[in-house]
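Residues are numbered in the numbering used here as their position in the sequence shown, beginning at 1, plus a constant of 16.
All C-beta atoms, glycine included, are put in the ideal place defined by N, C-alpha and C.
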Amino acid sequence: MDEPFWKTTPLEAMNPTQWEQLCDGCGKCCLSKLEDEDTGEIYWTSVGCRLFDGATCRCADYANRLARVPDCVGLTPQNVRTISWLPSTCAYRLVGEGHDLYWWHHLVSGSPETVHEAGISVRGKLTASEDDLAEPEDYFDHMLEEEP
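As structure tokens, then:
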């Protein structure tokens, strides 16, 4: 039996289909994060991006997200190894660090629902959309104690 592509293909060599399939669909990267300017420490919030669909854990306009949301970070093989806020469970981070995917990842389980069933995704965990918040200080009410 052949090894799955994420075990044999470096991130930089993945084709666009493989790259997109690697996303686990958790939605964590679509949460607003706060960064301490002095320490660089990242604080997670339960606030979703204005384009994030909390029910599906997908972007409502994925193809145009980078143009529509100026601070959206498009993940690439070149930057996933340097983004400090990528979740510890993120498939891009795991594969980039030489680890295997978790049992709940759809490429392992065969179902896109297992990420939600395992409680890894942010489905049902949002408390606001960034469109609901007028001031930067408003995010403080939605800060999480740890990575979701």
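Where the beta strand (DSSP E) containing ILE49 begins and where it ends = Along the sequence shown, one-based indexing puts residue 49 at 33. It is worth fixing the name first, because residue 49 is Lys in this sequence and not Ile. Run containing LYS49: 47 to 51, per the beta strand (DSSP E) assignment.
So which of PHE21, ASP154, CYS42 and GLY43 has the shortest CA-CA distance to THR33?
-> The residue labelled residue 33 in the question sits at position 17 within the sequence shown. Residue PHE21 is the option with its Cα nearest to THR33.
Nearest residue (CA-CA) to GLN37, options PRO164, VAL111 and TRP60 = Here residue 37 corresponds to residue number 21 of the sequence shown, with the count starting at 1. For GLN37, the nearest C-alpha among the options comes from VAL111.
In this structure, does DSSP put ARG139 in helix, strand or coil?
-> Translated into the one-based positions of the sequence shown, residue 139 becomes position 123. Three-state DSSP puts ARG139 in coil, outside helix and strand.
Contacting residues, own chain, Cβ-Cβ under 7 Å from CYS46 (five flanking each side not counted) = By 1-based counting over the sequence shown, the position of residue 46 is 30. Cβ within range, chain order: GLY64, CYS65, PHE68 and CYS75.
Beta-carbon gap between LEU123 and ALA134 smaller than 9 Å | Position 107 of the sequence shown, counted from the start, is the residue given in the question as residue 123. Position 118 of the sequence shown, counted from the start, is the residue given in the question as residue 134. Not in contact: LEU123 and ALA134 (Cβ atoms no closer than 9 Å).
Alpha helix (DSSP H) runs contained entirely in the segment 93 to 162, provided each spans 4 or more residues | 107 to 112, 122 to 125 and 130 to 133
If we ignore side chains and look at the alpha-carbon of each, how far apart do ASN31 and THR25 end up?
-> Within the sequence shown, residue 31 is the residue found at index 15, counting from 1. Within the sequence shown, residue 25 is the residue found at index 9, counting from 1. Cα to Cα, the separation comes out at about 9 Å.
Separation of PRO152 from TRP119, as counted between CA atoms = Within the sequence shown, numbered from 1, the residue matching residue 119 stands at position 103. Within the sequence shown, numbered from 1, the residue matching residue 152 stands at position 136. The straight-line gap from Cα to Cα measures roughly 37 Å.
Enumerate in chain order the residues of its own chain whose CB-to-CB distance from GLU163 is below 8 Å, with the five nearest sequence positions on each side excluded.
-> Taking the first residue of the sequence shown as position 1, residue 163 is located at position 147. So the qualifying residues of the chain are LYS44, TRP60, PRO103 and SER104.
CA-CA distance, LEU149 and LEU50?
-> Start at 1 with the first residue of the sequence shown, and residue 149 comes out as number 133. Start at 1 with the first residue of the sequence shown, and residue 50 comes out as number 34. About 14 Å.
Does the separation of the CB atoms of VAL131 and GLY70 fall below 9 Å?
-> Within the sequence shown, numbered from 1, the residue matching residue 131 stands at position 115. Within the sequence shown, numbered from 1, the residue matching residue 70 stands at position 54. No, they are not a contact pair.
Helix, strand or coil: which one does DSSP assign to THR25?
-> Translated into positions along the sequence shown, residue 25 becomes position 9. Three-state DSSP puts THR25 in coil, outside helix and strand.
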